[in-house]
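Numbering (the working numbering), first residue to last: -13 to 215.
Positions of the beta carbon are idealized from the N, C-alpha and C atoms, including for glycine.
These figures come from a predicted structure and were not determined experimentally.
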């Protein structure tokens, strides 16, 4: 009886492992959203890890997550390591490529709850001067353990949901920043125009005063000339 059960279990395990081996060797998770903000404004929120807390979906999963920053503040070589609760796990990211303001590439290394390495990209495409689209993508290899894991977890649905929440928060942030910059630019333009108008008015008043003074002086000189005669 036990022998038969053992054989059934071995066959079941063997069948499961064989099925897992047929899973794809690679995976890709990708999400895109449109943002009413210039590409440079959007890019400024993804090339510096210290700005991620304003929109990152993982920060919201664990507000007490421990973070360590190393390397430059932004650009190639900037690195960020985290350790948090079971929802965010433990890992690190390093910026490996920058093409401002259109692309940022990262090496992503998960340590917990499972070990894996992936490449992530933010691809930003300008849509005119005031709008853009951003694509957040992650590509990785599925080793055998990863294939087994993929049987129980759909990476696209799991990670894709995080990407969607992150992009939604980034959209709100970047559009708010773009609105503030536009308001500041409009205020600066209005002030410059007001200052220019004030300068023109002051110059016109000065010219009029000078002309009046010259006319008065000329009239006075004319009167003195008549008196001598």
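Residue i vs residue j beta-carbon contact at 7 Å
{"i": "residue 32", "j": "residue 90", "result": "yes"}
{"i": "residue 100", "j": "residue 64", "result": "no"}
{"i": "residue 181", "j": "residue 14", "result": "no"}
{"i": "residue 106", "j": "residue 18", "result": "no"}
{"i": "residue 28", "j": "residue 118", "result": "yes"}
{"i": "residue 167", "j": "residue 41", "result": "no"}
{"i": "residue 51", "j": "residue 75", "result": "no"}
Closest residue to residue i among the options (Cα-Cα distance)
{"i": "residue 145", "options": "34, 28, 44 and 23", "result": "44"}
{"i": "residue 102", "options": "29, 94 and 153", "result": "94"}
{"i": "residue 96", "options": "166, 77, 110 and 28", "result": "77"}
{"i": "residue 104", "options": "202, 205 and 16", "result": "16"}
{"i": "residue 84", "options": "71, 110 and 49", "result": "110"}
{"i": "residue 60", "options": "49, 37, 46 and 47", "result": "37"}
{"i": "residue 153", "options": "184, 170, 108 and 179", "result": "108"}
{"i": "residue 30", "options": "79, 47, 86 and 46", "result": "86"}
{"i": "residue 79", "options": "92, 158 and 185", "result": "92"}
{"i": "residue 113", "options": "20, 207 and 187", "result": "20"}
{"i": "residue 148", "options": "123, 185 and 191", "result": "123"}
Whole-Å CB distance - residue i paired with residue j, under 8 Å assumed
{"i": "residue 22", "j": "residue 161", "result": "5 Å"}
{"i": "residue 82", "j": "residue 67", "result": "Not confirmed; about 15 Å, so no contact."}
{"i": "residue 164", "j": "residue 24", "result": "6 Å"}
Taking the runs of the beta strand (DSSP E) that are 3 residues or longer, which of them lie wholly in the stretch 92 to 170? 102 to 113 and 117 to 127
Mind listing, in chain order, the continuous beta strand (DSSP E) runs of no fewer than 3 residues lying wholly within the stretch 3 to 85? 12 to 21, 52 to 56, 65 to 69 and 76 to 85
If we require 4 or more residues per run, which alpha helix (DSSP H) segments fall completely within the stretch 167 to 210? none
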